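Asks:
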Amino acid sequence: MSSCVASLLSGCGAGPRVVGAQVARPRGTLSEVLPTLTGMAWTATQERTVDRLIRWDRPPDLPEGFEARVRDRLERGLAGAGVPFGPAGRSEVIWLGKRRLSSHERCEGMFQAQLLREEPPFEHNPRSAAGTLFHEAIRVDLLSGRELAPDVAGREALRRVRRREASFERFWEATDRFDRADLLAGAARHLDTFRTTFPPLHRTWAPQPEHQMRVRLAGGRVVLLGTPDLVLGRTWRLIIDFKSGEAWPEHAEDMRFYALLALLWAGKAPYRVATFLLGSGQWEGGGGRGEEGGG
Numbered sequence: 011m012s013s014c015v016a017s018l019l020s021g022c023g024a025g026p027r028v029v030g031a032q033v034a035r036p037r038g039t040l041s042e043v044l045p046t047l048t049g050m051a052w053t054a055t056q057e058r059t060v061d062r063l064i065r066w067d068r069p070p071d072l073p074e075g076f077e078a079r080v081r082d083r084l085e086r087g088l089a090g091a092g093v094p095f096g097p098a099g100r101s102e103v104i105w106l107g108k109r110r111l112s113s114h115e116r117c118e119g120m121f122q123a124q125l126l127r128e129e130p131p132f133e134h135n136p137r138s139a140a141g142t143l144f145h146e147a148i149r150v151d152l153l154s155g156r157e158l159a160p161d162v163a164g165r166e167a168l169r170r171v172r173r174r175e176a177s178f179e180r181f182w183e184a185t186d187r188f189d190r191a192d193l194l195a196g197a198a199r200h201l202d203t204f205r206t207t208f209p210p211l212h213r214t215w216a217p218q219p220e221h222q223m224r225v226r227l228a229g230g231r232v233v234l235l236g237t238p239d240l241v242l243g244r245t246w247r248l249i250i251d252f253k254s255g256e257a258w259p260e261h262a263e264d265m266r267f268y269a270l271l272a273l274l275w276a277g278k279a280p281y282r283v284a285t286f287l288l289g290s291g292q293w294e295g296g297g298g299r300g301e302e303g304g305g
């Protein structure tokens with residue numbers, strides 16, 4: 011049953027692919043609408059990011075009732091997969107996010123183990139720890155209004171993550187001082203790339219770091235859950251995920267899933283979804299390579 015549920019969500023033509031593929035065409039730029047921020051002119055790189063990535067476009071012009079039809083199709087598919095409709099105990103709820111859906115594509119056995127809670131407890135490794143740290147550094151940067159130097163923001167991010175995540179704390183305690191310094195330097199470097207590429211995010215853009223979206227299907231039997239790294243806007247939304255490594259095909263699927271979540275959660279599709287690659291200052295969205303965002 012669980013395999014059918016994952017297949018439905020990851021491969022349903024009227025689900026993530028339809029919503030994620032419809033990206034509005036340019037209708038003016040954000041830089042034409044808003045004044046220069048913080049009394050400073052944007053750099054050419056920041057201006058390019060605003061004009062080509064952040065610019066406000068109208069969301070896709072979807073037919074009336076499209077969200078309801080997508081939800082109905084998903085729930086009919088769930089019923090066909092044997093998922094009963096109605097309230098369920100917490101142990102009976104199927105929780106699905108992008109990580110589990112990606113696991114289903116890679117290895118169905120791993121996916122089943124995750125659903126049955128049979129997989130080993132998550133433990134950080136150098137790659138996952140670096141990702142967690144730089145994501146938190148960006149969050150600190152947004153919350154502090156870019157007042158902290160990158161290395162200071164990185165240390166504050168470290169303090170917050172160690173306090174919040176027992177797995178990260180265990181990893182950090184087992185890591186030598188040279189690898190610790192390398193992790194902190196990496197977080198500061200990625201944050202510097204973020205600042206070089208993105209202008210200060212003004213409050214009128216409604217920046218929402220780690221914005222959680224939760225959608226219940228089949229009367230709560232299935233819960234779709236996602237937390238993109240950054241959402242801009244409240245009526246018209248841009249959804250961004252930051253990555254420190256190279257581009258992977260699964261990134262596009264992740265963003266389609268976020269587009270589906272936004273549609274079902276808010277009743278309106280985002281005007282754009284994008285994966286931002288901090289290593290290169292480039293982004294991907296709308297099914298292909300995006301414009302260059304960094305120097």
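Oh and the sequence shown: position 50 is 60 in this note's numbering, straight run, nothing missing.
Even glycine gets a Cβ: it sits at the ideal position worked out from N, Cα and C.
Note that the structure is predicted; figures quoted are calculated from it, not measured.
Could you name the residues that DSSP lists as bridge partners for residue 219?
Replies: Paired residues: 240.
Asks: Residue 224: which of 216, 218, 233 and 217 sits nearest, CA to CA?
Replies: Of the candidates 216, 218, 233 and 217, the one whose C-alpha sits nearest the C-alpha of residue 224 is 233.
Asks: How about residue 212 and residue 238: are their beta carbons less than 8 Å apart?
Replies: Going by C-beta atoms, residue 212 is not nearer than 8 Å to residue 238.
Asks: Are the beta-carbon atoms of residue 204 and residue 151 separated by less than 8 Å?
Replies: Yes; because the gap between Cβ atoms is below 8 Å, this pair is in contact.
Asks: Could you give the first and the last residue of the continuous beta strand (DSSP E) run that contains residue 282?
Replies: From DSSP, the beta strand (DSSP E) with residue 282 extends over 282-287.
Asks: Which whole-angstrom value is the C-beta distance of residue 191 and residue 160, which I expect to be below 8 Å?
Replies: That pair is no contact at about 14 Å.
Asks: Taking the DSSP output, what are the residues bridged to residue 106?
Replies: According to DSSP, residue 106 bridges with 234.
Asks: Tell me which residue opens and which closes the beta strand (DSSP E) that residue 295 is part of.
Replies: That run of the beta strand (DSSP E) goes 292-295.
Asks: Counting Cβ pairs closer than 8 Å, one from the segment 80-98 and one from the segment 276-293, do we hit at least three?
Replies: They do not touch, by the three-pair rule.
Asks: Can you give, in chain order, each stretch of the alpha helix (DSSP H) that sits fully within the segment 119-202 and has at least 4 residues?
Replies: Taking only runs of at least 4 residues, the alpha helix (DSSP H) segments lying wholly in the segment 119-202 are 136-153, 160-174 and 176-183.
Asks: Going by DSSP in three states, residue 82 sits in which element: helix, strand or coil?
Replies: Here residue 82 sits in helix by DSSP.
Asks: Please list, in chain order, all residues of the same chain as residue 230 whose beta carbon is under 8 Å from its beta carbon, the five residues on each side excluded.
Replies: Hits under 8 Å: 96, 97, 98 and 103.
Asks: Could you tell me which residues DSSP pairs with residue 225 in its beta bridges?
Replies: Answer by DSSP bridge pairing, in chain order: 234.
Asks: To the nearest angstrom, how far is the alpha carbon of residue 284 from that of residue 53?
Replies: Residue 284 and residue 53: Cα-Cα distance of roughly 21 Å.
Asks: DSSP three-state call for residue 66: helix, strand or coil?
Replies: Of the three classes helix, strand and coil, the one that applies to residue 66 here is coil, per DSSP.
Asks: Between the C-alpha atoms of residue 58 and residue 201, what's the straight-line distance to the nearest angstrom?
Replies: If I take the Cα positions, the gap works out to 18 Å.
Asks: What does the alpha-carbon distance come out to for the pair residue 176 and residue 144?
Replies: For residue 176 and residue 144, the distance between alpha carbons rounds to 17 Å.
Asks: Report the residue from 86, 210, 270 and 266 whose alpha carbon sits nearest the alpha carbon of residue 149.
Replies: Residue 210 is the option with its Cα nearest to residue 149.
Asks: Going by beta-carbon coordinates alone, are residue 88 and residue 228 separated by less than 8 Å?
Replies: In contact: residue 88 and residue 228 (Cβ atoms closer than 8 Å).
Asks: According to DSSP, simplified to helix, strand and coil, what is residue 264?
Replies: DSSP places residue 264 in helix when its eight states are reduced to three.
Asks: If you follow the alpha helix (DSSP H) that residue 91 is in, where does it begin and where does it stop?
Replies: Looking at the DSSP string, residue 91 is not in any alpha helix (DSSP H), and its letter there is neither H nor E.
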